[in-house]
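Notes follow the structure.
Numbering (UniProt numbering), first residue to last: 1 to 109.
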């Protein structure tokens, strides 16, 4: 039998901790830097990433992060269009106001 003092205990990490690690990876920090900071093997970080990627695959086989990126781009495009339309509307309101003033001014003369 092995001496209980020499047995390594297996550490477990909760989902919140893994999410924090993923945020750090996404922010540009290297896996090596993160693994050294938390005392985690680099290959474990890559395994977590691989497992998370598998979980995010949708039924169509499209990676959820790809869909999220496309949706974010579409939202940005729609917001820009919305701002342009708001500006156009304001211009038309002002033009209508000016035309109304000039029409009322000429009919009173």
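Don't be surprised by glycine CBs; every beta carbon is placed ideally from N, CA and C.
Since we're looking at a predicted model, the values are computed, not measured.
For residue i, is the classification buried or exposed, using 16 other Cβ atoms within 10 angstroms of its Cβ as the cut-off for buried?
{"i": "residue 21", "result": "buried"}
{"i": "residue 45", "result": "buried"}
Between the C-alpha atoms of residue i and residue j, what's the straight-line distance to the nearest angstrom?
{"i": "residue 11", "j": "residue 31", "result": "19 Å"}
{"i": "residue 81", "j": "residue 72", "result": "14 Å"}
{"i": "residue 89", "j": "residue 96", "result": "10 Å"}
{"i": "residue 91", "j": "residue 98", "result": "11 Å"}
{"i": "residue 48", "j": "residue 65", "result": "16 Å"}
{"i": "residue 50", "j": "residue 41", "result": "15 Å"}
{"i": "residue 84", "j": "residue 55", "result": "39 Å"}
{"i": "residue 24", "j": "residue 86", "result": "38 Å"}
In the structure shown, what three-state DSSP assignment does residue i receive?
{"i": "residue 97", "result": "helix"}
{"i": "residue 27", "result": "coil"}
{"i": "residue 14", "result": "coil"}
{"i": "residue 85", "result": "helix"}
{"i": "residue 68", "result": "helix"}
{"i": "residue 9", "result": "coil"}
{"i": "residue 41", "result": "coil"}
Consider the C-beta atom of residue i and the heavy atoms of the ligand NAD; say whether any pair is separated by less than 7 Å.
{"i": "residue 79", "result": "By its list of ligands, the structure shown contains no ligand whatsoever, and the ligand NAD lies outside what it can speak to."}
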